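Trainee: Shown below is the structure under consideration.
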Ligand SMILES: N[C@@H](CCC(=O)N[C@@H](CS)C(=O)NCC(=O)O)C(=O)O
């Protein structure tokens, strides 16, 4: 039993990744913070086709990030982060076991999924040199106003400690740096302005992750 557990700990956790993917960044960030090793497979470099029959059998969603851990196959960045924390973190503050605390983190994570999709509707046209629909910008601003209200009088998004929700939402917001011309500066919202640096300085890995993103954006802009 003990031997099996030890062997399982040594089996590689395959992580299907791309360095510039924001959802992949969230998982790498969380894994780094809780000290879990991932065997990173860059899908582009390795030529893996997430839509190939072999991969789709295991990961029907064909998106990255995806995780393969001892027979478990998982897509969706927030679900992967929840899994890694629940299974491997030494303590539960990032994703509490107490259901009354955890549900607040979950609520913010579902909110983040919606917010990120709104942000994507503004980022995507820039990738394809298309015009952004002004209503997409309005929807992001509405999301930022909601976030600002969530943070009213609070240090953190869910409870009295930093959680996965803070990292997920901050990670989503960081992608707005790619579209400065849109005028969607989250720090125009006073509570977000105070909260963001709090998240950024909460762990050295966050600063590293942000640096990596900014360097990537710079390279993309030079192309
Ligand atoms: N909600 C998903 C979004 C994943 C996603 O859309 N990933 C993109 C890369 S950033 C992707 O794999 N796109 C390729 C595809 O949809 O086939 C998550 O958070 O993991």
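In the working numbering, the protein residues as written are 452 to 674.
Even glycine gets a Cβ: it sits at the ideal position worked out from N, Cα and C.
Just so you know, these numbers come straight off a predicted model, no measurement behind them.
(1) Would you say the beta carbon of residue 558 is closer than 7 Å to some non-hydrogen atom of ligand 1?
(2) Return the CA-CA distance between residue 487 and residue 630, expressed in angstroms with no decimal places.
(3) Ligand 1 heavy atoms versus the CB of residue 654: any closer than 7 Å?
(4) Express the C-alpha separation of residue 518 and residue 501 in angstroms, rounding to a whole number.
(5) For ligand 1, is there any heavy atom lying closer than 7 Å to the beta carbon of residue 474?
(6) Evaluate the contact criterion for the stretch 620-629 versus the stretch 660-669: three or more CB pairs, one atom per stretch, below 8 Å.
(7) Identify, in the order they occur along the chain, each residue of the same chain with its Cβ nearer than 7 Å to the Cβ of residue 539, setting aside the five sequence neighbours on each side.
(8) Closer than 7 Å: is that where the CB of residue 638 sits relative to any heavy atom of ligand 1?
(9) Would you check whether ligand 1 has a heavy atom nearer than 7 Å to the C-beta of residue 463?
(10) How many Å lie between residue 549 and residue 654 at the Cα?
(11) Could you spell out the range, first to last residue, of the alpha helix (DSSP H) harbouring residue 629?
(12) What are the boundary residues of the alpha helix (DSSP H) that includes residue 540?
(13) With the cut-off set at 8 Å, would you say residue 469 and residue 494 are in Cβ contact?
(14) Does ligand 1 have a heavy atom nearer than 7 Å to the CB of residue 479?
(15) Heavy atom of ligand 3 less than 7 Å from the Cβ of residue 501, yes or no?
(16) Compare the Cα-Cα distances from residue 513 to each of 568, 528 and 522 and report the closest residue.
(17) Quick check: does the Cβ of residue 515 come within less than 7 Å of any heavy atom belonging to ligand 1?
(18) Could you tell me the alpha carbon to alpha carbon distance between residue 465 and residue 532, rounded to whole angstroms?
(19) At a cut-off of 7 Å, would you count residue 527 as near ligand 1, judging by its Cβ distance to the nearest heavy atom?
Mentor: The relevant details are as follows:
(1) no
(2) If I take the Cα positions, the gap works out to 32 Å.
(3) no
(4) 12 Å
(5) yes
(6) yes
(7) 485 and 487
(8) no
(9) no
(10) Going by the C-alpha atoms only, they are around 24 Å apart.
(11) That residue, residue 629, is in no alpha helix (DSSP H); it is neither H nor E in DSSP.
(12) Here residue 540 belongs to no alpha helix (DSSP H), and DSSP marks it neither H nor E.
(13) yes
(14) Outside the cutoff, so no.
(15) The model on display carries ligand 1 but not ligand 3.
(16) 528
(17) At a cut-off of 7 Å, the beta-carbon of residue 515 counts as near ligand 1: some heavy atom of the ligand is closer than that.
(18) 14 Å
(19) Remark: the C-beta of residue 527 is in contact range of ligand 1, defined as less than 7 Å to any heavy atom.
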